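Enquirer: Counted the way our numbering counts, the sequence shown spans residues 4 to 261.
Backbone N, C-alpha and C define an ideal beta-carbon position, used for all residues, glycine too.
Since the model is a prediction, treat every value here as computed from it, not as a measurement.
After the structure tokens below, expect a handful of questions from me.
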Amino acid sequence: MKLIKNVLTSQKAILLIMVVILFIGLSACKKDNPEPKDDTSQKITSYIRFNHWVDGVDVVYDTVKYTNEFGNNFSIETIQYFISRVTLVKENGDEVVVKDAIYVDAKKPELLFKKITKSIPNGTYTGIKFIFGLDAAMNQSGAFPNFPETAMEWPTMMGGGYHYMKLEGRYAVGTGYNFFNFHTGPLNGAENYFSVSLPMNLKVTKNEFDISLNMEIQNWFRNPHTFDLTTIAGGMMGNQAKQQLVKENGVDVFTVSY
Numbered sequence: 004m005k006l007i008k009n010v011l012t013s014q015k016a017i018l019l020i021m022v023v024i025l026f027i028g029l030s031a032c033k034k035d036n037p038e039p040k041d042d043t044s045q046k047i048t049s050y051i052r053f054n055h056w057v058d059g060v061d062v063v064y065d066t067v068k069y070t071n072e073f074g075n076n077f078s079i080e081t082i083q084y085f086i087s088r089v090t091l092v093k094e095n096g097d098e099v100v101v102k103d104a105i106y107v108d109a110k111k112p113e114l115l116f117k118k119i120t121k122s123i124p125n126g127t128y129t130g131i132k133f134i135f136g137l138d139a140a141m142n143q144s145g146a147f148p149n150f151p152e153t154a155m156e157w158p159t160m161m162g163g164g165y166h167y168m169k170l171e172g173r174y175a176v177g178t179g180y181n182f183f184n185f186h187t188g189p190l191n192g193a194e195n196y197f198s199v200s201l202p203m204n205l206k207v208t209k210n211e212f213d214i215s216l217n218m219e220i221q222n223w224f225r226n227p228h229t230f231d232l233t234t235i236a237g238g239m240m241g242n243q244a245k246q247q248l249v250k251e252n253g254v255d256v257f258t259v260s261y
């Protein structure tokens, strides 16, 4: 009886050792052949790029070489702005929001494009739409706590929040030059942002896209309203009538290419 008990004990020990060896072997196999990771999201990269033109040609900065509709000779020195609620529209009417807010500084190459890493449903997109500026829900003081967006803060005495755009430069006066600040934003409760909707025929086949939004700066100063830069030399931030004119001129400032 004692012999049988010892044999059974030995068999249990051998079985236990075999189980341990088998477990170690399986663990080693898993390390040698790890489960493949789904890194599709890391490979998907879409781009929204920004171009800034005068008369259809890339801006040359800090040189008085352009003439607007009114006849002012002018230069461009600063172009900074927000667009928001960037949305692609499919041919069946479905909408895909690709970015909540984008800040652009035309003089900084790293801020002339926005990388989108979310997967975009394949298909044909017949339009892109966005808000120029920030709507009331987004345009809250402190919403953008970091530089350079903080440099776009709108004065608290005028309602707070952020500029929609700073377009700055110089214009010729006699033998000299004066500065102009073509700034737009919300003014004491008046919301001066506006919607832009652009038609296109974009085919997305790999869950990503690459498009360019092109700003024609001359259009800020014409159609339907012609701006004389001498009338805004002292600024226009506190002038709602001027803000409304900018809003109405801005509708045809952008085109899209892809």
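#1: Along the chain, where does the beta strand (DSSP E) that runs through E251 open and close?
#2: For T187, count neighbouring C-beta atoms within 10 Å of its own C-beta (all shown protein chains included) and say buried if the count is 16 or more, exposed if not.
#3: What are the boundary residues of the beta strand (DSSP E) that includes Y106?
#4: Just to confirm, are F185 and E194 a CB contact at a threshold of 9 Å?
#5: Within 10 Å of its beta-carbon, does G164 have 16 or more other beta-carbons around it, so buried, or fewer, so exposed?
#6: Where does L91 sit, in a helix, a strand or coil, going by DSSP?
#7: Taking the straight line between their C-alpha atoms, what separation do you get for K118 and F212?
#8: Quick check: F257 and N226, are their CB atoms within less than 9 Å of each other?
#9: K68 to N210, Cα distance in whole Å?
#10: What do you get for Q83, buried or exposed, if any count of 16 or more other CB atoms within 10 angstroms of its CB means buried?
#11: To the nearest whole angstrom, what separates the beta carbons of I235 and K245, a pair I think is in contact under 8 Å?
#12: Is it buried or exposed, N71, if we count other Cβ atoms within 10 angstroms and call 16 or more buried?
#13: In the DSSP output, what is E219 paired with across the bridge?
#14: For a test of the three-state rule: what should DSSP assign to N36, helix, strand or coil?
#15: Compare the beta carbon distance of T90 and N204 with 9 Å and say whether it is the shorter of the two.
#16: Taking CB distances under 9 Å as the criterion, tell me whether N226 reaches chain D.
#17: Roughly how many angstroms lie between the CA atoms of V199 and I134, to the nearest whole one?
#18: CB-CB under 8 Å to V176, same chain, minus the five flanking residues each way: which ones, in chain order?
Expert: Checking against the coordinates, here is how it stands:
#1: Per DSSP, E251 lies in no beta strand (DSSP E); the unbroken alpha helix (DSSP H) holding it starts and ends at Q243 to N252.
#2: Under this definition T187 is a buried residue.
#3: Counting along the chain, the beta strand (DSSP E) containing Y106 begins and ends at E98 to D108.
#4: Contact check for F185 against E194 fails: the beta carbons are separated by 9 Å or more.
#5: G164 sits buried, since 16 or more C-beta atoms from the chains shown fall within 10 Å of its C-beta.
#6: Three-state result, L91: strand.
#7: Using only the alpha carbons, I get a separation of about 10 Å.
#8: Taking 9 Å as the Cβ cut-off, F257 and N226 do not qualify as a contacting pair.
#9: If you take the alpha carbons of K68 and N210, they lie about 42 Å apart.
#10: Classification of Q83: buried, given that the 10 Å Cβ count is 16 or more.
#11: Here I235 really is in contact with K245; their C-beta atoms are around 7 Å apart, less than 8 Å.
#12: So N71 ends up on the buried side.
#13: Per DSSP, W56.
#14: Because the pLDDT of N36 is 41, which lies under 50, any placement of that residue in the model is unreliable, and the number read from its coordinates should be weighed accordingly. Reduced to three states, the DSSP call for N36 is coil.
#15: A distance of 9 Å or more separates the beta carbons of T90 and N204.
#16: Absent here is chain D; the protein component of the structure consists of one chain.
#17: Going by the C-alpha atoms only, they are around 6 Å apart.
#18: In chain order, T233 place their CB closer than 8 Å to the CB of V176, counting only its own chain and leaving out the 5 sequence neighbours on each side.
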